[in-house]
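Only one structure is covered here, and it is reproduced in the block below.
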Amino acid sequence: MESYLSNLFGLRGKTALVTGGSRGIGRALAIALASAGADIVLLVRDPSSKEVSSIASDIKALGRGCIVYRCDLSDRSAILSIIPQLSRDDVEIDIFVHCGGLQHRCPAEDFPDTNWDEIIGVNLTAGFQLSRELARHWLSTPTKGPQTFASLGRKKIVFIASMTTFTGAVEIPAYVASKGAIGQLTKALNNEWMNKGINVNAIAPGYIETELTGGVKDGGEKERKILDRIPAGRWGLPADLAGSVIHLCSKSGDYIGGEVHAIDGGYLGR
677 MESYLSNLFG
687 LRGKTALVTG
697 GSRGIGRALA
707 IALASAGADI
717 VLLVRDPSSK
727 EVSSIASDIK
737 ALGRGCIVYR
747 CDLSDRSAIL
757 SIIPQLSRDD
767 VEIDIFVHCG
777 GLQHRCPAED
787 FPDTNWDEII
797 GVNLTAGFQL
807 SRELARHWLS
817 TPTKGPQTFA
827 SLGRKKIVFI
837 ASMTTFTGAV
847 EIPAYVASKG
857 AIGQLTKALN
867 NEWMNKGINV
877 NAIAPGYIET
887 ELTGGVKDGG
897 EKERKILDRI
907 PAGRWGLPAD
917 LAGSVIHLCS
927 KSGDYIGGEV
937 HAIDGGYLGR
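At position 26 of the sequence shown the residue is numbered 702 (this note's numbering), and the sequence of numbers has no breaks.
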């Protein structure tokens, strides 16, 4: 007999599509989803990398399936080919978590167009395109008899936003623009799709120890000022985001839509 908590928060029988899952936040969330019972489909630029091999092995060690597809998130044709490929392979997605992301630090007056285009493309446009293609597929799925799409189990989309969705920052204008837009995209898509059986939400991590934050987590004065403003008294870890994402992707999150959940150790409340 399934327990109350496993029924509410478990993901057994679900398949999650995860971008950016080979390291950092994406890796932690892929492991969390697998630990909750989901099988995982990873979209990665280089399937042969050691990082991808490692995460795939860790997921399989949990007793979950893991399929890896090559997909450069800056390549529109590659993105648009993924959902048809999954259909041909009889892989049905229930959850989409967009963790793929880039950052480039440079004063705004010198910020290169090439970096702007790449960051907006990966952080924002790729997430929208994959969500759109998935929703189109989900909403066109035939149902039998009195069943509706929504009655078959809700689909979940979770974007990775940022504190900069709310606050802004300096010397990362493209990143801030992309994350601000993610917050509004979350609301816009949920407004259209929630009554059709698709929940769209986002999480906004605070200062998390990843390769993207290496430039400020250096033990110096800048890091000290950051720590002084975090009520939790420490930087976050990628694993600190797991509970919120499992909540949003599971049955427990069925009535949550269009939300951007800050997971920041209390930073935004200061």
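Beta carbons: idealized from backbone N, C-alpha and C, even for Gly.
In this text the structure is predicted, and so the values were computed from the model without any measurement.
Asked                                                                                             : Found
Phenylalanine 787 versus isoleucine 848 - alpha carbon distance                                   : 9 Å
Residue nearest to alanine 938 in terms of C-alpha spacing, selected from Asn877, Asp930, Pro783  : Asn877
C-alpha distance - proline 783 paired with threonine 843, whole-angstrom precision                : 17 Å
Selected residue, minimal CA-CA separation from glycine 776, among Ala802, Asp765, Leu944, Leu756 : Ala802
Whole beta strand (DSSP E) elements within the region 852-891, 3-residue minimum                  : 874-881
Assigned exposure category for alanine 845 - 16 Cβ within 10 Å defines buried                     : exposed
Sufficient close CB pairs (3 or more, under 8 Å) joining the region 804-812 to the region 729-736 : no
Beta-bridge partners of histidine 923, as assigned by DSSP                                        : Note: histidine 923 sits in no beta bridge, so no partner.
Spatial distance of arginine 740 from alanine 908 (CA atoms)                                      : 33 Å
Whole-Å CB distance - valine 936 paired with alanine 837, under 8 Å assumed                       : 5 Å
Within-8 Å CB hit, glycine 919 to chain B                                                         : The structure shown contains no chain B; it is built from a single protein chain.
Candidates Gln860, Ile707, Glu768: closest to serine 816 by CA position                           : Glu768
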